[in-house]
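Undergrad:
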Amino acid sequence: MASASARSAVPSLTSDESLQIVFHNMTPSPALAADIKKRVAKLEKLYGRLTSCRVSVGALHRQHRTGNVPEVHIEIDAPGKRIVVSHQPHHISERHRKPTARASIHDAFKTAEKQLKDFKALRKEARPEPPLAPDVSR
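Residue numbers (the working numbering): 16 to 153.
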């Protein structure tokens with residue numbers, strides 16, 4: 016059985032270079048970067064075998080009447096699977112609500128969490144059952 020110190024020896028995505036946060040067409044925000052790191056840590060807690068994560072937050076262009084709704088793209092690598100989430104506001108209600116980067120990040124990570132839970136459930140179902148012990152009664 017692994018001890019707590021052995022489990023903590025596995026590098027965390029938020030502590031090394033396996034996490035990339037990129038801002039396109041907007042000023043990099045330390046507050047948004049901290050929020051993204053917190054959300055990646057939550058995903059890592061959900062499924063501890065993540066190997067890398069890349070988050071891209073980008074403003075498309077200036078829209079004077081409806082605001083500038085940011086796009087968020089997330090790529091998560093796990094053994095045997097790459098999860099890709101691309102959050103763009105498609106519905107009219109999403110495009111015209113308060114267009115904040117934090118809301119777009121929240122929506123994208125909510126989708127990523129659902130996909131990661133589905134992947135984890137598939138992995139659990141696909142795991143072979145251990146063989147039964149032979150009956151040694153004489």
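Ideal placement from N, C-alpha and C gives every residue a C-beta, glycine not left out.
Can you tell which of 35, 53, 135 has the C-alpha that lies nearest to the C-alpha of residue 88?
TA: Residue numbering aside, residue 88 sits at position 73 when the sequence shown is read from its first letter. Among 35, 53, 135, the Cα nearest to that of residue 88 belongs to 35.
Undergrad: Based on Cα-Cα distance, which residue from 142, 33, 137, 123 lies nearest to residue 103?
TA: Stepping through the sequence shown from its first residue, residue 103 is reached at position 88. The option with the nearest alpha carbon to residue 103 is 123.
Undergrad: What's the gap between the Cα of residue 50 and the Cα of residue 37?
TA: Locating residue 50 in the sequence shown gives position 35, where the first residue counts as 1. Locating residue 37 in the sequence shown gives position 22, where the first residue counts as 1. Rounded to whole angstroms, residue 50 to residue 37 spans 13 Å at the Cα level.
Undergrad: So, are the CB atoms of residue 71 and residue 33 less than 7 Å apart?
TA: If you number the sequence shown from 1, residue 71 lands on position 56. If you number the sequence shown from 1, residue 33 lands on position 18. No, Cβ-Cβ distance for residue 71 and residue 33 is not below 7 Å.
Undergrad: DSSP three-state label for residue 99, please.
TA: Position 84 of the sequence shown, counted from the start, is the residue given in the question as residue 99. Of the three classes helix, strand and coil, the one that applies to residue 99 here is strand, per DSSP.
Undergrad: Among residues of its own chain, excluding the 5 on either side of residue 99, which ones have a beta-carbon nearer than 6 Å to its beta-carbon?
TA: Here the question's residue 99 lines up with position 84 in the sequence shown. Counting only Cβ-Cβ distances below 6 Å, and skipping sequence neighbours, we find 90.
Undergrad: If you measure between the beta carbons of residue 147 and residue 58, is that distance less than 7 Å?
TA: As a working note, residue 147 is residue 132 in the sequence shown. As a working note, residue 58 is residue 43 in the sequence shown. The answer is no: Cβ separation not under 7 Å.
Undergrad: Is residue 94 closer than 7 Å to residue 142 when the C-beta atoms are compared?
TA: Along the sequence shown, read from residue 1 onward, the residue named residue 142 stands at position 127. Along the sequence shown, read from residue 1 onward, the residue named residue 94 stands at position 79. No. Outside cutoff.
Undergrad: Grab me the residues of residue 69's own chain with a C-beta within less than 6 Å of its C-beta, minus the 5 sequence neighbours each way, in chain order.
TA: Reading the sequence shown from its first residue, position 54 is the one you call residue 69. Closer than 6 Å at the Cβ level, and outside the excluded window around residue 69, lie 35, 90.
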